[in-house]
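Below is one structure, written out as structure tokens; the observations come after it.
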Amino acid sequence: MSTEHTSAFRLVTALFLRRFVDNDLLSPHADRHESLAVLYACVVSLAVFVTFLLSTTYLSAFIQLPGTAALSALGDRFLYIGGSVTITALAALMAWDALALEPRDAAILGPLPIPARTITRAKLAAAIISGALLTVGLNAVPSVLYPLFLTLNIRGTQGSTVVRLIGGHAATVAMAGCFGFFGILALRGTLRLLLGERRFHRVSSGVQSVLVVGMVTGLLLVPTVRSHELQAWTMRTTPPAWAARPVLWYLAFNETVAGHLVCEIPVVLPPRFSSASYPKQEDRLARASYRLLLPRFAELAPLAWLALLGVTSVAFVTFLWTNRRYPGPSVSVLAQSRLGAWVRRLVERRTSEDPEAEAGFFFALQTLARSGPHRTIVAIAVAIGLTHMLIVLAQRQAPAVEPAAPLGAFGIAILLLASLLAGFSRAVAVPAEPAANWMIRSAWLGDDRRFLAGVKRAALAALVAVPLIVLLPLHVLLLGVVTALAHTLFALCFAILAMEALFLPYRKFPFACSYVPVENPKIVWPAALVGLLLVTYGYAGLERWALQTPARTTALGAALVVMVLFVKAVDRVWRRERRPIVFDDRPRQATQRLDLFEGVAIYE
Amino acid sequence: MQLRLEARSLAKYYSAIPAIRDVNLTLEAGTILGLLGPNGSGKSTTVSLVTGLREPSAGQILFNGRNIADNLADYKSRVGYVPEEAHLYTFLSGREQLELIGRLRRLPSALRTRKIMALLDLFGLIGAADQPISGYSKGMRQKILLVSALLHDPDVLILDEPESGLDLSASLVLRHLIPILAARGKLILYSSHVLDYVERLCASVVVLHRGRIVAEGPVPQLRAMMQRESSLEEIVAQLVTTVDPAGTATAIADLVALRA
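Residue numbers (our numbering), protein chains in the order written: chain A, 1 to 604; chain B, 605 to 864.
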């Protein structure tokens, strides 16, 4: 490459990197650097927090035996590797459309005297740098701390062993991260190559959503895998879950490269325990168990290299091939299925007297289905519900008898609905397209109640009725026909109640106000998660108790109906007084949040 | 009753920086008022205040003698607005976008559908009605904006560069449409940089410069004021241009020709 082209390549790469951050997603007033710093700090601090959490066992142990440490470290490493794969894959999915040349690239860069090849390579380089930065941010600190903490209380550990463990861990998680990132790039490129530009654009958003659901579910399930399960998977006594196989390859790679060193550390007991036989015996057993796994690890380890080589090659080839020309403008027609058209006609007939509610209903459905950020929020909510369902189903020992059905079986639908509705309440706060908000502002006639009613109906149809119908066969299988039907009805009432309660304090215009992020996410999100679990299982327990006798069932049904009516009445009273809606609410600046902002008059 | 829209002593400040000051406008039924001025003169701010999308920092806007802030919803129901930039919901199709606007404006279902289909047809968009707007050209988006503004038969039409991006035939249609609407008693505020258009369409113009009105009145009156028989373009250039256009053009050409 000539100097001119190198310089152009650098400039365009920097431009694409900035665009990965500035993805035109949320508030036009948001501070990009602050958002990036907060995101990066979240990733790094989460990784450090997990490391300390995992290491408490090793740090608090008075006598740490190498054999047992080697075995229990398998589960921890599986978590690190699985986290690295899924988080980098998720990052790639978030930038799904930006992973290829876009029409705006053609519009901005096309007229410049830069070869198309340089622009394509710059895009690829920007994608790689973004993935690398995320992988490093996620894994750098745990790669040093975890091996250090693991061996801190193992007497007789040499410095060179720790260094090798750190190197092995870092290499493994970096490779796993690359596998996740390039895996998504390869999948996207392959689909684009096989389907062609037009058909790919038609299925692209659907594929992205399915993959987000899959990756978030995978990320949430990774911590549930225990060391003994890994041993069984490695020894093939139970077949490993399909999605866990790549993680297992990288675990095997780590154990082959450095992980086995822990098992080779000699047992050195404190002087007053030196004659005790029990620790030594325990360590011998653990070492034997670990060493049994080593031949299988040696078999699996090359798959890690091969898989990385494979996905990287496919990603590069398909990227360079499918982006050799600038993309053309999209001319697709928004397809509507017969069912969709029938539902549309039905809703229009039912709501023709209430056009604002109709507007809210259709606009909510269109935004949830077609806008990237909204689809992602719904996908994450589905993934949370799906993870819970898989955990409950995995723990089910025997077919349940109706009155004593497991609590988890009642919780499946409730947690899914609660998660979807919580996600929906966040989604309405995100503008469908910030620059287009003026349309709604100039067209709406001052009463948001009817529009909001339509939006709620859309959520009830898409995020409550559809999941309940989909889950009905599973509920019949788990609870029996009668209980399943009753449970479905109760779940519907619960969802209506939850929806009304969530929207009680809502005083914005759905999908049309600027986005104001949560100010204190480190408190709000964990509290919301705990609240979600408490509400779900509290209600599931109540429902299971109520479904044991007809009298209790009737009482619960009546109580739910009364509560729904009460909340609706409160909502009606609260909204009677018209308050102006602030469309352009801006997030407070850091100087304001820290009280460093003196009373400067702002005239607007 | 004759419609009348009046802006009195309007001012708008953004973080204490004045965008417009002491702007007075009057629109009467059947007339088209041209709003002119260079970039940054305060045209778009004035338009956003007159549409009711922003509140003035000082002054008031009276519609038929009543302050629009007293019943903004009622006023907005009678306004059609074409903004300067064609920002639309790109994930919706043209038809869906218009359906959304029609529903928010409480148009009855049958009338709404009939109007949307007929207007899409007349603007030559019927073939693209179900395509997502992300694939529309600038001119197609501009036509959607025009249809959105006209759908509910507004009494007040506020058009900010409405001809932007339109092809020749659509441009000609617009040039004929605006006087027809004015003749039917609509109040029309027409903001544009295309002075040829404004000269043909508007009976009266207001020229803004640095947030203040520097001239207003019918074009012949402005000519008389400037004491010369010149085009509107020349008059406006004389009023608002602080640089020597020919000299600046030569300087640009000379600068462009510089080589290492």
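Ideal Cβ positions, reconstructed from N, Cα and C, are used throughout, including at glycine.
Cα-Cα separation, residue i to residue j
i, j, result
"residue 28/A", "residue 514/A", "The predicted position of residue 28/A is uncertain, since its pLDDT is 47 and thus under 50; a value taken from the coordinates is nonetheless stated next. Those two C-alpha atoms are separated by around 8 angstroms."
"residue 242/A", "residue 146/A", "27 angstroms"
"residue 824/B", "residue 665/B", "27 angstroms"
"residue 739/B", "residue 320/A", "24 angstroms"
"residue 174/A", "residue 139/A", "7 angstroms"
"residue 801/B", "residue 857/B", "29 angstroms"
"residue 25/A", "residue 723/B", "With a pLDDT of 42 at residue 25/A, under the threshold of 50, the modelled position of this residue cannot be trusted; read the value that follows with caution. Cα to Cα, residue 25/A sits roughly 33 angstroms from residue 723/B."
"residue 170/A", "residue 219/A", "19 angstroms"
"residue 374/A", "residue 795/B", "36 angstroms"
"residue 366/A", "residue 798/B", "37 angstroms"
"residue 521/A", "residue 498/A", "22 angstroms"
"residue 450/A", "residue 324/A", "49 angstroms"
"residue 80/A", "residue 342/A", "48 angstroms"
"residue 100/A", "residue 512/A", "29 angstroms"
"residue 764/B", "residue 686/B", "6 angstroms"
"residue 817/B", "residue 707/B", "38 angstroms"
"residue 821/B", "residue 810/B", "7 angstroms"
"residue 134/A", "residue 18/A", "15 angstroms"
"residue 668/B", "residue 618/B", "28 angstroms"
8 angstroms Cβ cutoff, residue i in contact with chain A
i, result
"residue 647/B", "no"
"residue 718/B", "no"
"residue 860/B", "no"
"residue 687/B", "yes"
"residue 657/B", "yes"
"residue 794/B", "no"
"residue 650/B", "no"
"residue 745/B", "no"
"residue 624/B", "no"
"residue 742/B", "no"
Per-residue DSSP class, three states only, for residue i
i, result
"residue 433/A", "coil"
"residue 789/B", "coil"
"residue 254/A", "helix"
"residue 617/B", "strand"
"residue 628/B", "strand"
"residue 248/A", "helix"
"residue 813/B", "strand"
"residue 28/A", "Reliability fails at residue 28/A, whose pLDDT of 47 lies under 50, so the model's placement of it is uncertain and no value is given."
"residue 506/A", "coil"
"residue 838/B", "helix"
"residue 596/B", "The structure shown does not extend to residue 596/B, since chain B is modelled only from 605 to 864, so the question has no answer here."
"residue 764/B", "strand"
"residue 70/A", "helix"
Short CB-CB distance (under 8 angstroms) between residue i and chain B
i, result
"residue 94/A", "no"
"residue 245/A", "no"
"residue 366/A", "yes"
"residue 313/A", "no"
"residue 547/A", "no"
"residue 359/A", "yes"
"residue 453/A", "no"
"residue 438/A", "yes"
Beta-carbon spacing of residue i, residue j below 8 angstroms
i, j, result
"residue 381/A", "residue 442/A", "no"
"residue 67/A", "residue 298/A", "no"
"residue 268/A", "residue 280/A", "no"
"residue 691/B", "residue 438/A", "yes"
"residue 78/A", "residue 247/A", "yes"
"residue 454/A", "residue 356/A", "yes"
"residue 119/A", "residue 105/A", "yes"
"residue 637/B", "residue 808/B", "yes"
"residue 59/A", "residue 153/A", "yes"
"residue 48/A", "residue 142/A", "yes"
"residue 161/A", "residue 254/A", "no"
Subject >> Inter-stretch contact (C-beta, 8 angstroms, three-pair minimum) for the stretch 732 to 739 of chain B and the stretch 695 to 703 of chain B >> reply: yes
Original post:
Is it a yes or a no for the stretch 232 to 242 of chain A touching the stretch 119 to 131 of chain A, going by three-plus beta-carbon pairs under 8 angstroms?
Top reply: no
**OP:** Tell me, please, whether the stretch 359 to 367 of chain A touches the stretch 384 to 396 of chain A by the rule of three or more beta-carbon pairs shorter than 8 angstroms.
**Re:** no
Original post:
Is it true that the stretch 316 to 329 of chain A meets the stretch 650 to 660 of chain B, where meeting means three or more beta-carbon pairs spaced less than 8 angstroms apart?
Top reply: no
Original post:
Taking contact to mean at least 3 C-beta pairs separated by less than 8 angstroms, is the stretch 184 to 200 of chain A in contact with the stretch 307 to 322 of chain A?
Top reply: yes
Subject >> Three or more C-beta pairs below 8 angstroms linking the stretch 668 to 688 of chain B and the stretch 620 to 627 of chain B >> reply: No: the two stretches stay apart, fewer than three of their Cβ pairs being nearer than 8 angstroms.
**OP:** Check whether the stretch 466 to 479 of chain A touches the stretch 406 to 415 of chain A, counting contact only when three or more Cβ pairs, one atom from each stretch, lie closer than 8 angstroms.
**Re:** Taking a contact to require three or more Cβ pairs closer than 8 angstroms, the stretch 466 to 479 of chain A and the stretch 406 to 415 of chain A qualify as touching.
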